[in-house]
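Okay, structure first, notes after.
Written as structure tokens, this is what we have:
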């Protein structure tokens, strides 16, 4: 059964592209190459991680380490359960209300962008979703200050989307909920900077942006916040079941979990979330400074809530859009198209995007502007 | 950004193990090595498949080809939708009743093993699950003939689990439902042999056994069978939404889908499901002949419903179990432990298990028996 691979094909791994896509997103090159090396024969076991049994001792070690690393990186106290689940954040839009409403019939939602609105709309299947604050009228370019919010005390919780990937709007402050349980969708910014977990009842995040590949979702939930789910709730949507089963209620997405474990190790090796935050802020600053000093590019988001993760921008002269995209692609920048709902462009700067990639993009954009002048 | 990998580490890919695990299961070596070679730089794109956007033209080509291959391999008519979803078969235990019940309040379930029972129990959250036939009393070692079944005509459908991985019991005939819509969990035997799709209203199958890795679930549903889901159904559990979105209602498990696409190509290259069936039957015959002629090993399943995919067996002298497992592991056979609920042993012989692997296992078992005599 011993086989060797075609070495010539393997060696040609030059990854000549910076992937600015909003997710699935760029992975650190070292992680991709480690995954490649280990793929056919996981640590001498003779089998691939792709074939590994989810109840094996080897996998148990991997997921134990992943949970430990996550708890350490995010300072997650013991009264919070950590789950790794199927389904993406979209399934959490339903699981959050199903598991937190209990006998209450409403919840509060801060509507600061496309994903907040999606979460809110899904919640309406299970309760009345009260709009605590609505940035829709501004075109999702601002987060109104908390004095203007209206949080209904009868609601079971207050939900907010920490970072909006399409609008490029991010909370750089934590809502003061005055005792109202706080629920956060952290899909697009988890582990990009420190967050006070203890101020939250529930945090969820799909992993395909800062924490690996698509197909896995992280849930961090304070155990005493969990309510009984309605009797007609599918078992797979009941956090209690997943807590009891330690996230192996059914066959989990083994490989996505493994990649997340590797990413957690990588973030630790980079110096943890504080180091990631410093780097992510520098990366974002490079682009926002360029946009603000340019006559060609424009970003419409209020400065106090600009995203470190997703920087949307438009060209003042829309006729240049196609040429910009073509030249960017030819230069080795992928994934710069804006979301199909808004057009324009977007540079996503998740943890794995190196500063060198952002500098290279900024250089290219300056050069393009000069050439167009 | 150009980097080369550590060649020494990559070359040492000798896969010295036959993995008889029940799932996640063995993959064909050629598929694993292809995945490895392509991993850092997908077909010259400069990015990894792990980083590929699910709405990119490249990914669209991959999933279109996957659907086309699946339709060709299983002869799926156009009036059936094909979906690739998150969540595993366990989520389908809920989605089937939610989407097929309509105004009916009951459904029929053939209880022929652990997974049938799980599906039935989940359905009870949404309706009355009528037991059409119950093999529990026999210890799940037989499938009673259809004359003994009681199918309630008021039920919305009849659900059966084509192959039971724990009991090692498989339907080698198709229930004649006399017009009652037929729902099949094919997780552990999909594409292992020809199946008449047109006799089914709904087929579902998680992919981690015959069709790749964990984290993806295949659904084949006749469009006119779909009913309106209850208003409180999470959107992610509504087949209509996934059909509308062509399985990209949210970010899908991109890599698992890609592996499934590769597996479909591999099955085609092997000659399709008829060729797989011939090979799978030969593989199963090798083991059952050994078990039936042995004084040491035993399989309790009725001959007419023995599984081609999962062959459970016990040692007559249980004191030899540990030594058997140790020697098997040392020889390079992984995953032979029986399910934790029943103990003993189990050899899973999914599509990717080569005949040489089964012959090697049979040789080992004969040798072990001789040595113990």
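Residue numbers (our numbering), protein chains in the order written: chain A, -7 to 365; chain P, -7 to 365. The beta-carbon is built from N, C-alpha and C at its ideal position, and this holds for glycine as well.
On the DSSP letters alone, give me the boundaries of the alpha helix (DSSP H) that residue 232 of chain A sits inside. Looking at the DSSP string, the run of the alpha helix (DSSP H) that includes residue 232 of chain A is 231 to 236.
Residue span of the beta strand (DSSP E) that contains residue 174 of chain A, given as start and end: Boundaries of the beta strand (DSSP E) around residue 174 of chain A: 174 to 177.
Less than 8 Å between the beta carbons of residue 153 of chain P and residue 184 of chain P, yes or no? No, Cβ-Cβ distance for residue 153 of chain P and residue 184 of chain P is not below 8 Å.
Who does residue 304 of chain A pair with in a DSSP beta bridge? Bridge pairing for residue 304 of chain A: A:338 [DSSP].
Quick check: does the Cβ of residue 324 of chain A come within less than 7 Å of any heavy atom belonging to the ligand GDP? In the structure shown, the ligand GDP is absent, as is every other ligand, since no ligand is present at all.
Taking 8 Å as the CB-CB limit, is residue 24 of chain A close to chain P? Between residue 24 of chain A and chain P, the shortest Cβ-Cβ separation is below 8 Å.
Return no unless some Cβ of chain P is closer than 8 Å to the Cβ of residue 120 of chain A. Taking 8 Å as the CB threshold, residue 120 of chain A stays off the interface with chain P.
What would DSSP say about residue 98 of chain A, mapped onto helix, strand or coil? Correct three-state label for residue 98 of chain A: strand.
Could you give the first and the last residue of the continuous beta strand (DSSP E) run that contains residue 150 of chain A? Where residue 150 of chain A is concerned, the enclosing beta strand (DSSP E) stretches over 150 to 153.
Candidates P:106, P:85, P:281 and P:289, of which the one nearest residue 332 of chain P by Cα: Per the Cα distances, P:106.
Around the Cβ of residue 165 of chain P, are there at least 16 other Cβ atoms within 10 angstroms (buried) or fewer (exposed)? By the neighbour-count criterion, in which a residue is buried when 16 or more other Cβ atoms sit within 10 angstroms of its Cβ, residue 165 of chain P is exposed.
Start-to-end residues for the beta strand (DSSP E) that takes in residue 210 of chain P: That run of the beta strand (DSSP E) goes 209 to 214.
Using DSSP with H/G/I as helix, E/B as strand and the rest coil, what is residue 25 of chain P? Assigned with DSSP and collapsed to three states, residue 25 of chain P falls in helix.
Counting only C-beta atoms, is residue 78 of chain A closer than 8 Å to chain P at any point? Any Cβ of chain P closer than 8 Å to the Cβ of residue 78 of chain A would place that residue at the interface, and such an atom is present.
Leaving out the 5 sequence neighbours to the left and right, which residues in its chain are closer than 7 Å to residue 217 of chain P when beta-carbon positions are compared? Sequence-distant partners of residue 217 of chain P (beyond 5 residues in either direction) whose C-beta falls short of 7 Å from its own C-beta, in its chain, are 92, 173, 193 and 194.
Name the chain P residues that come within less than 9 Å of residue 246 of chain A, Cβ to Cβ? Residues of chain P passing the Cβ test: 16, 200, 205, 206 and 207.
Residue 42 of chain P to residue 338 of chain A span [Cα, whole Å]: Distance between the alpha carbons of residue 42 of chain P and residue 338 of chain A is about 20 Å.
Reduced DSSP secondary structure (H/G/I, E/B, other) of residue 196 of chain A: DSSP places residue 196 of chain A in strand when its eight states are reduced to three.
Leaving out five residues on either side along the sequence, give the residues of the same chain with a beta carbon under 8 Å from the beta carbon of residue 170 of chain A. Counting only residues of its own chain and dropping the five nearest sequence neighbours on each side, residue 170 of chain A has a CB closer than 8 Å to the CB of 143.
So with CB distances below 7 Å, who are the chain A contacts of residue 304 of chain P? Simply none; closest approach about 16 Å.
Which residues of chain A have a Cβ atom closer than 9 Å to the Cβ of residue 13 of chain P, listed in chain order? Identification of chain A residues near residue 13 of chain P by a Cβ-Cβ cut-off of 9 Å yields 39, 43, 44, 45 and 48, ordered along the chain.
Best match in A:160, A:200, A:96 and A:365 for proximity to residue 150 of chain A [C-alpha to C-alpha]: Residue 150 of chain A has its Cα closest to that of A:96, out of A:160, A:200, A:96 and A:365.
What residue range is occupied by the uninterrupted beta strand (DSSP E) comprising residue 72 of chain P? It spans 72 to 77 - the beta strand (DSSP E) in which residue 72 of chain P sits, taken as one unbroken run.
Can you give, in chain order, each stretch of the beta strand (DSSP E) that sits fully within the segment 111 to 141 of chain A and has at least 3 residues? The segment 111 to 141 of chain A contains these whole beta strand (DSSP E) runs: 120 to 126.
Name, please, each residue of chain P whose Cβ falls closer than 9 Å to the Cβ of residue 243 of chain A. The answer, in chain order, is 15, 16, 80, 81, 82, 198, 200, 206 and 207.
So what's residue 63 of chain P in DSSP terms, helix, strand or just coil? Helix.
Segments assigned alpha helix (DSSP H), at least 4 residues, entirely inside the segment 240 to 282 of chain A: Segments of the alpha helix (DSSP H) lying fully in the segment 240 to 282 of chain A: 246 to 261.
Determine which residues share a DSSP beta bridge with residue 329 of chain A and list them. Partner(s): A:337.
Residues of chain P with CB closer than 7 Å to the CB of residue 301 of chain A, please, in chain order. Near residue 301 of chain A there are no residues of chain P at all, since even the closest Cβ is about 15 Å away, more than 7 Å.
Start and end residues, alpha helix (DSSP H) containing residue 309 of chain A: No alpha helix (DSSP H) holds residue 309 of chain A; DSSP gives it neither H nor E.
Leaving out five residues on either side along the sequence, give the residues of the same chain with a beta carbon under 7 Å from the beta carbon of residue 190 of chain P. Within the same chain, residue 190 of chain P has close Cβ partners 69.
Are the CB atoms of residue 17 of chain P and residue 200 of chain P within a distance shorter than 8 Å? Yes. Within cutoff.
Below 8 Å on the Cβ atoms is my contact criterion, and I expect residue 28 of chain A with residue 32 of chain P to pass it. Report the Cβ-Cβ distance as a whole number of Å. That belief holds up - the Cβ atoms of residue 28 of chain A and residue 32 of chain P are roughly 6 Å apart, short of 8 Å.
For residue 375 of chain P, the first and last residue of its enclosing alpha helix (DSSP H): Not covered by the structure: residue 375 of chain P. The range shown for chain P is -7 to 365.
Helix, strand or coil, according to DSSP, for residue 294 of chain A in the structure here? Coil, per DSSP.
Is there a C-beta anywhere in chain P that falls below 8 Å from the one on residue 363 of chain A? No, no contact with chain P.
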